Amino acid sequence: MNHSYLSPTGVEIAFVLIGLITVGSALLVVTVQNLMHAALWLVVSLGSIAGEYLLLGAELVAWVQILIYVGAVVVLILFGLVLTKAPIGPTTELDVKHKLPAALVAAGATGVLVTVLVDAYHNVWIDSHAAIAQGTAAANGAALFKYWVLPFETLSVLLLAALVGAIVISRRGRAEGASEWSTALESGPVLEPIAPSAALVASTTANQGAEADD
Amino acid sequence: MHAVYPLLLGALLFAIGLYGVLARRNAITILMAIELLLNAVTVNLIAFGSLIRDQYNVGQVFTLFVITIAAAETGLGLAIVLMIYRQRGTASVDEQRVLAEPLRGPTDDAGGASAEPANAGSAPNAAGAVR
Chain A
7 MNHSYLSPTG VEIAFVLIGL ITVGSALLVV TVQNLMHAAL WLVVSLGSIA
57 GEYLLLGAEL VAWVQILIYV GAVVVLILFG LVLTKAPIGP TTELDVKHKL
107 PAALVAAGAT GVLVTVLVDA YHNVWIDSHA AIAQGTAAAN GAALFKYWVL
157 PFETLSVLLL AALVGAIVIS RRGRAEGASE WSTALESGPV LEPIAPSAAL
207 VASTTANQGA EADD
Chain B
9 MHAVYPLLLG ALLFAIGLYG VLARRNAITI LMAIELLLNA VTVNLIAFGS
59 LIRDQYNVGQ VFTLFVITIA AAETGLGLAI VLMIYRQRGT ASVDEQRVLA
109 EPLRGPTDDA GGASAEPANA GSAPNAAGAV R
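Read top to bottom, the protein sequences are chains A and B. Quick note: the first sequence uses our numbering, first residue 7, plus one each step. Quick note: the second sequence uses our numbering, first residue 9, plus one each step.
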């Protein structure tokens, strides 16, 4: 190959710089002691990965990454942190015994992957200018609906199933929990808006009464 | 650009995500590390998609699929974590030693009998607020 590592192109320089941001913020995600800060570093990491996609010529995927990951997934994770009452401020969560073995496993994976990849691909060249034509919304839409229609539709069913599943998990927990807590507190008005229906609560309470009798 | 750069980025992200999954204890931080793992995979897919540039546009289409599945996985995973937190009062994976649901809920826990009812009373309210 006539491309030298010693004379990098502008795209390569930008890629490496953004890659340093990505890797650094990803390291902070898994090492920082404050859980909220970890979730916010995840925004930086995922956002800079969107920048890498742009440099690789994948324009639509970059915007989808920002929309779905930074816009939806991280917000979901922040909601989860708040709802499980994650401690605000530094925690001692990382002081675990298996921290060193975990670091060793990660270092081993890095060593193996880097060795193999550098050995296999050190003289392969990506023409990212030619890849721009394939990254547009038009090209992606044409490929999706010409060749990938069945997986696409299956994926929509999967999303629906995940949505229904999440609702079912939450509702079941609320019904059981409401009956438990209403019997524990002996006063209904606080929990009334949460209980889905009086009949359901009554039936779960009756079931629990039967279990208690056993 | 050289193909090594995006591939090395993917490898490093994968290793970092692996460390996060192994070393973290809070279930939600494990979900965050899983997002890093999935992004390592998608960086590889985009890199090889730009390298191969086939007519099916496999790399980018699969990346869109992976992002969709990751969103579904995060939603379901968070629902499960919230459920576990409501039932047991903790989201730490190290304390989930039994798979069975606690029959009587956190209120009848012998150890934290005084602290648990306040916890149990506020958890469903928080869940109602997000709905």
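C-beta: ideal position from N, C-alpha, C; glycine also. If you're wondering where the values come from, they're calculated on a predicted model, not measured in any experiment.
Among the options, nearest to residue i - alpha-carbon criterion
i, options, result
"Thr142 of chain A", "A:Tyr59, A:Val36 and A:His9", "A:Tyr59"
"Leu23 of chain A", "A:Gly57, A:Leu41 and A:Leu66", "A:Gly57"
"Ala172 of chain A", "B:Thr82, B:Gln104 and B:Arg105", "B:Thr82"
"Ala11 of chain B", "A:His43, A:Ser134, A:Ala108 and A:Thr98", "A:Ser134"
"Arg32 of chain B", "A:Glu159, A:Val36 and A:Leu26", "A:Val36"
"Gly18 of chain B", "B:Val29, B:Asn47 and B:Met9", "B:Asn47"
"Glu4 of chain A", "B:Ala55, B:Ala78 and B:Ile77", "Residue 4 of chain A is absent from the model: chain A starts at 7 and stops at 220."
"Leu26 of chain B", "A:Phe85, A:Ile74, A:Gly114 and A:Val17", "A:Gly114"
"Val74 of chain B", "B:Leu16, B:Leu45 and B:Leu30", "B:Leu45"
"Leu26 of chain A", "B:Gly28, B:Pro14 and B:Leu30", "B:Pro14"
"Val102 of chain A", "B:Leu16, B:Gly28 and B:Met9", "B:Gly28"
For residue i, three-class secondary structure by DSSP
i, result
"Ser51 of chain A", "helix"
"Asn34 of chain B", "strand"
"Ser100 of chain B", "strand"
"His135 of chain A", "helix"
"His10 of chain B", "strand"
"Ser58 of chain B", "helix"
"Ser13 of chain A", "coil"
"His104 of chain A", "coil"
"His128 of chain A", "coil"
"Gln68 of chain B", "helix"
"Ala92 of chain A", "coil"
"Arg105 of chain B", "coil"
"Tyr27 of chain B", "helix"
"Asp116 of chain B", "Residue confidence for Asp116 of chain B is low, a pLDDT of 46 falling below 50, so the modelled location carries little weight and cannot support an answer."
"Trp154 of chain A", "coil"
"Trp187 of chain A", "Low local confidence applies: a pLDDT of 49 at Trp187 of chain A is under 50, so the model's placement there is unreliable, and no value is given."
"Asn40 of chain A", "coil"
"Leu169 of chain A", "helix"
"Ala79 of chain B", "helix"
"Gln140 of chain A", "helix"
"Gly86 of chain A", "helix"
"Gly63 of chain A", "coil"
"Gln63 of chain B", "coil"
"Thr116 of chain A", "helix"
"Arg94 of chain B", "helix"
"Thr97 of chain A", "coil"
Residues of its chain near residue i, where Cβ-Cβ distance is below 7 Å and the 5 sequence neighbours each way are ignored
i, result
"Gly53 of chain A", "Ile72 and Val76"
"Pro96 of chain A", "Gln39 and Asn40"
"Ile55 of chain A", "Thr28 and Gln71"
"Phe158 of chain A", "Leu150"
"Leu84 of chain B", "none"
Same chain, Cβ closer than 8 Å to residue i, five either side skipped, listed in chain order
i, result
"Val89 of chain B", "Ala35, Ile36, Leu39 and Ala99"
"Leu87 of chain A", "Leu41, Met42 and Ala45"
"Leu86 of chain B", "Ile36 and Leu39"
"Leu156 of chain A", "none"
"Pro14 of chain A", "Val22"
"Leu61 of chain A", "Val17, Ala20, Phe21, Ile24 and Ser134"
Own chain, CB closer than 6 Å to residue i, minus 5 neighbours either side, in chain order
i, result
"Asp220 of chain A", "Legend: pLDDT at Asp220 of chain A = 42, less than 50; position of this residue unreliable, value from coordinates given subsequently. No residues qualify anywhere along the chain."
"Leu53 of chain B", "Gly67, Phe70 and Thr71"
"Ala92 of chain A", "Leu41"
"Gly63 of chain A", "Ser134, Ala137, Ile138 and Gly141"
"Asn146 of chain A", "Leu66"
Residue i: CB within 8 Å of a non-hydrogen atom of the ligand GDP
i, result
"Tyr59 of chain A", "The ligand GDP is absent from the structure shown, which contains no ligands of any kind."
Open item on the list: Check whether the region 28-41 of chain B and the region 60-73 of chain B touch, using three or more Cβ-Cβ pairs below 8 Å as the test.
Closed with: no
Open item on the list: Could you check whether the region 130-142 of chain A touches the region 20-39 of chain B, counting it as contact only if at least three pairs of C-beta atoms, one from each stretch, sit closer than 8 Å?
Closed with: no
TODO: Could you list the residues in the region 124-146 of chain A with a C-beta less than 7 Å from some C-beta on chain B, going in chain order?
DONE: Val124, Tyr127, His128, Val130, Trp131, Ile132, Ser134, Ala136, Ala137, Gln140, Gly141, Ala145 and Asn146
TODO: Decide if the region 20-35 of chain A is in contact with the region 46-63 of chain A; the criterion is three or more beta carbon pairs, one per stretch, under 8 Å apart.
DONE: yes
Open item on the list: Residues of the region 34-48 of chain A in Cβ contact with chain B at a cutoff of 8 Å, in chain order, please.
Closed with: Val35, Val36, Leu41, Ala44, Ala45 and Leu48
Open item on the list: Against chain A, which members of the region 76-90 of chain B pass a CB distance test of less than 9 Å?
Closed with: Thr76, Ile77, Ala78, Ala79, Ala80, Glu81, Thr82, Gly83, Leu84, Gly85, Leu86, Ala87, Ile88, Val89 and Leu90
- [ ] Check each residue of the region 50-64 of chain A: if its Cβ is closer than 9 Å to any Cβ of chain B, include it; give the result in chain order.
- [x] Ser51, Leu52, Ile55, Glu58, Tyr59, Leu61, Leu62, Gly63 and Ala64
- [ ] Could you tell me whether the region 76-96 of chain A touches the region 12-23 of chain A, using the rule of 3 or more Cβ pairs below 8 Å?
- [x] no
- [ ] Using a Cβ-Cβ cut-off of less than 9 Å, give me the residues of the region 96-110 of chain B that come near chain A, in sequence order.
- [x] Thr98, Ala99, Ser100, Asp102 and Glu109
Task: Residues, ordered as in the chain, of the region 102-116 of chain A that lie near chain B by beta-carbon distance below 8 Å - done: Val102, His104, Lys105, Pro107, Ala108, Ala109, Val111, Ala112, Ala113, Ala115 and Thr116
Open item on the list: Can you pull out the residues from the region 36-56 of chain B whose beta carbon lies closer than 7 Å to at least one beta carbon of chain A?
Closed with: Ile36, Thr37, Leu39, Met40, Ala41, Glu43, Leu44, Asn47, Val51, Ile54 and Ala55
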